[in-house]
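Undergrad: Quick note, the sequences are listed as chains F and Y, same order. Every number in the numbering used here is 669 more than the matching position in the first sequence, counting from 1. Every number in the numbering used here is 55 more than the matching position in the second sequence, counting from 1.
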Amino acid sequence: MISLITNTVHQITPEGIIDRYPNSYNHFVLPFVIGMTFILVYLLIGLIRILYHLSGEDRLKLLKSLINPKTAWKNIKDIFCDCLLHTKIWKRKPLLGYMHSAIAFGWFLLIIVGHIEVGLFAPRHLSGLTEGSLYYPIFYRFFIWMNPAHETLRGSVFFFLMDLILLYILSGIGLAMFKRVRSIALGMRHTTKPSLADRVALYCLWLIFPLRLLAEGFTADLSGGGFLTRPLNWVFRAFFGNELNFLPTWWAYSICLGLFFLAMPFSRYMHILTEPLLILFRNAGLKVRKPRKGFAEAEIYACSSCGLCLDACPMNTQKKNLKYSSVYFIRFLRRRNKKKVNEIADKCLMCGKCYALCPVGVNSPAIRRAIRETHNNSIKSDYSFMDTYAGSAENSDKKNKILYFAGCMSHLTPVIIKSVETLLKASGEDYEFMDRDKGICCGRPLMLAGRTDAARQTIQANTKIINDSGCSILLVSCPICLKIFKEEYSLKGIEVLHYTQLADRLIKDGKLKVSKSSSAIVYHDPCELGRGCGIYEEPRNVLKAVAELKKASKEKDESICCGYSLGTITLDEKDKAKIAESSVSSLMAENPDEIVTSCPLCYRAIRSKAEVPVKDFAEIICENIEKQ
Amino acid sequence: MKNNILVIGGGPAGMEASAALSRMGYNVILAEKEKSLGGHLAKWDRLFPDQIPAKQVLDSLLEGIKDVKCFTETDVNSINLLDRSYNAMLSNGITILADAVLLASGFDLFKAEKKEEYGYGIYEGVLTNADLEKAFKEGKTFSPAPMAIGFVHCVGSRDEKAGNPACSKVCCATAVKQAIETKELYPDANVYCFYMDLRMFGRHYEDLYLRAQKSGIRFIRGRVSEVSETADGRLLVKAEDTLSSKPLKVSLDRLVLMAGMRPSKAGRAVGHQLNLTTEEDGFFSSADNLLSIQRSKLPGFFYAGACTGPKTLPDTLHEARSAAMEIDRYIKENFRK
């Protein structure tokens, strides 16, 4: 056994560890070193490119957020939870979460613990490039010989730890292989079709850890090993006899690592390195400005192509729509396939479910909107007539006054307007109806269509009317309006409320008294209200007070879009009807007597498909107002 | 031996076909789900284009089926094809073995409340063509006398969003007829018709249209976009006048929605049991849309009337008589050798 060790300078540490090679080098490390160097250079160039395309303002924001201790702590927490532990996936699909965290967190631990081990037992290999610090910790077990007579407790703990971590990763890899065959077992109905680079990287990733186990198993009698590698070594010796077999497995291990790093920038696995950057950007409060550059580029490369958005997308009740999913949109965008990108950008309900369920948090609806902006904004419209419209400033004394903006869609569903007015009167609120007779669109549909300039004009006109009215609360009955009023309008000192929020407040304040009926109802979360504005609890609080509230099979941030969203104009009626049907079937999971929603578009869509009565949120409250 | 023929649906098509078949010497059994025969005809006051009272037509149809066994308030609980006859179990407990079946299940009126923006069921002033006809029939008048009345054509017809891209064929003429009758009843009122195209294809229909124009009814080419309520409880109707390319706003006291034709629910239930196919519009598909509209894809199963798409009353009656001939031919070819 000693004959295998080249007899030059042996540095004997107190633990009896000896370097087997002069300069700690062997040719097999080359593939790894090439791959690693490539990816590091690629990463550096990519980072510079992305930072270069950020606007000056955004760069400053980023810098400030990095210094700010609060965001810095959030950054660390998010990177740890999202990139390593994958807590978002754990919450929804535990087995899938285990798989991801086993590979990511396991690999991370392997690197960290490996480096600590080298730091403790062969510290000179961690300082400077001369002693092979780039590769030495990775192939540590190859380069050393440990005198079994001098094995210490400290050393054994590391042997045990390293084998345990490897086993953890291997369990994840095993699940990943199983997922390729039967994804539904891990909670995924559809998975993405991998590209060529994806395949290369995928197979390399599958091989890396089994090969490491084999390689360390072969050398376990020289380097020492834990509960996995040592028994493996006995088995190998019993079968192969000669220990010289081990070099090819170390070569294979190094080649797989090298190939993985070479394929990485062209494959989905680039997300491993880009996701932390995306987290920094997001926590700094940056937004998508250009569809392919700067922040968007970070998002594009952070997409892990996991395909969770395939099951999330409400359009995918029909298999033919799979190709419009966010994962393929991002892939085509990454390949700069303009034609496909433009087509897919338009075919989207903008319901935001893919964003809500994305484990990385890629805001693809925002990127789609940015794409729409590039090709829809060239149409010139004349909105000059809007300046002639004067707001209704009747009375001057208007403290605690509500200004009600119904919006175009509520006007097409008169039952909502009627119920909202009844509700306001019943609670004795002083209100003014901003668009009873005529009004200007809130601008959100134009915004969604990418017609940002046109939207700005309507926003400007409405802002003037609202600010001049002197109201303190702007009440809307349409979540589409709500979102844009909250995000794009600068309304000084005016609180924007959805009628579900106001009703909740009125009941809590005792201004509105309701009684509970025996009816069992289910509530449909409109996309723009739930995922768009984060309002889930207020409507439920109120509904629990007026009826027995049942659950839908998918609700809150997983709620299925009704299909009649204003986000798309390229879906035809049949496609929309299919989506509405799937939304209704989710709502009917517990056989409620009635369906309630709080969006005029959802109301119409669900009414067209549901077998049970469909009511508007305000309508059902009005039915249950306590008579005095 | 008299062959049994089951006729499902006691509207004009079912009645006229039953009369013809019974004259040919068949044993006809007519099943009608409602209390009385006549279908939509029984609910109508006067008919276009000549404003003949519907009752007069209904009475002569009833005269023809004196020898027919009629079961009213009777549903077809189950029906299946045996060797070459149909076994039908009716809700009144009677089982019929029929050598041929004629489906004359007609149409249901489009549910006008589905067009939310017109406010049917929300505003009192909004009614449908059927509601107005009922008021005429019962001799009810609106009080106080309305000053302005609007008619909206194509409600639930030629409207993809409402799930029906097809034309319902009869609403244009009905709207013009009802507009004239309304104007006669309230001569001082302004009467408006909001239309997309006027499809006055039949004999004398165009005369009706001319009469309407002469009597001062205003025809506005454009769809109504939304209806709201004014402070004094009137209806504020927003529409587009596509001829002058301008948006339009008018206050009305009554708005009549010309609800279109949808396949009848009861008819579909029968079709479902026999796996009869429907076309995209939801109406049954015939063996051939030109040569044999009356034949279905099943042997001995026939159609008449609006169950294969919207039809006017004369069309329906022609179809009923030709279905009787088809059935006669089928029985002779298959049962009398």
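Each residue gets a CB set at the ideal place from its N, CA and C atoms; glycine is no exception. Since the model is a prediction, treat every value here as computed from it, not as a measurement.
1) Is the shortest distance between the beta-carbon of R961/F and the beta-carbons of chain Y less than 8 Å?
2) How do the segment 1108–1120 of chain F and the segment 1084–1091 of chain F stand: do at least 3 beta-carbon pairs fall below 8 Å, yes or no?
3) When the Cα of R1359/F is compared with those of N692/F, V1253/F, L979/F and G1203/F, which residue comes out closest?
4) Verify the CB distance criterion: does E334/Y have a CB-CB separation below 8 Å to chain F?
5) Could you have a look at T1082/F and say whether DSSP puts it in helix, strand or coil?
6) Let me know if T297/Y comes out buried or exposed under the rule of 16 or more other beta-carbons within 10 Å of its beta-carbon.
7) Buried or exposed: which applies to I1134/F, given that a residue is buried once 16 or more other Cβ atoms fall within 10 Å of its Cβ?
8) On the DSSP letters alone, give me the boundaries of the alpha helix (DSSP H) that I924/F sits inside.
9) Mind listing the chain F neighbours of V282/Y? Cutoff is C-beta to C-beta under 8 Å, in chain order.
10) Judging by CA-CA distance, which residue of N135/Y, A361/Y and I63/Y is the nearest neighbour of T127/Y?
11) I'd like to check one pair, T1237/F with K1016/F: are the Cβ atoms closer than 8 Å?
12) Does E1280/F get closer than 8 Å to chain Y when you measure Cβ to Cβ?
13) Since C1110/F and T1127/F are thought to touch, with beta carbons under 8 Å apart, how far apart are those beta carbons, to the nearest angstrom?
14) Kindly indicate which residue of K1155/F, L883/F, F749/F and C1196/F has the alpha-carbon position closest to the one of P945/F.
15) Does the beta-carbon of L723/F have 16 or more other beta-carbons within 10 angstroms, so that it is buried, or is it exposed?
16) Does the beta carbon of S1234/F come closer than 8 Å to any beta carbon on chain Y?
17) Report the rounded CA-to-CA distance for A773/F versus H755/F, giving the unit in angstroms.
18) Can you find the residues in the same chain that come closer than 8 Å, C-beta to C-beta, to H679/F, ignoring five residues on each side of it along the sequence?
19) Express the C-alpha separation of S377/Y and A153/Y in angstroms, rounding to a whole number.
20) Mind listing the chain Y neighbours of E1242/F? Cutoff is C-beta to C-beta under 8 Å, in chain order.
21) Mind checking if E171/Y is an interface residue toward chain F, Cβ cutoff 8 Å exclusive?
22) Tell me whether L1218/F is buried or exposed, calling it buried when 16 or more other Cβ atoms sit within 10 Å of its Cβ.
23) According to DSSP, simplified to helix, strand and coil, what is C125/Y?
24) Using a beta-carbon distance cut-off of less than 8 Å, what residues from the segment 162–192 of chain Y approach chain F?
25) What's the C-alpha gap between A971/F and L942/F?
26) Can you tell me the Cβ-Cβ gap for E968/F and L947/F, rounded? I've got them flagged as a contact below 8 Å.
27) Are the Cβ atoms of G360/Y and T371/Y separated by less than 8 Å?
28) Quick one: grab the DSSP three-state call for N58/Y.
29) Please work out which residues of its chain come closer than 6 Å, Cβ to Cβ, to A889/F, disregarding the five sequence neighbours upstream and downstream, and give them in chain order.
30) Would you say K848/F and L839/F are within 8 Å of each other, going by their C-beta atoms?
31) Looking only at DSSP bridge pairs, what is S133/Y linked to?
32) For F1074/F and V996/F, what's the separation of their Cα atoms in angstroms?
33) Is the beta carbon of I382/Y closer than 8 Å to that of L145/Y?
34) List the residues of chain Y that R1273/F touches, going by C-beta distances under 8 Å, in chain order.
35) Whole beta strand (DSSP E) runs in the segment 784–835 of chain F with 3 or more residues, listed along the chain?
36) From H95/Y to G364/Y, what does the alpha carbon distance come to, in whole angstroms?
TA: From the atom records:
1) no
2) no
3) Residue coverage of chain F in this structure runs from 670 to 1297, which leaves residue 1359/F outside it and unanswerable.
4) no
5) coil
6) exposed
7) buried
8) F915 to A932
9) P1083
10) I63/Y
11) yes
12) no
13) 5 Å
14) F749/F
15) buried
16) no
17) 8 Å
18) Annotation note: pLDDT 47 at H679/F (below 50); position unreliable, coordinate value reported separately. Same-chain partners within the cutoff: I687 and D688.
19) 19 Å
20) E215, K216 and G218
21) yes
22) buried
23) strand
24) K169, E171, E172, G174, I177 and Y178
25) 8 Å
26) 6 Å
27) yes
28) coil
29) T898, R899 and N902
30) no
31) M144/Y
32) 37 Å
33) no
34) E171
35) 813–815
36) 15 Å
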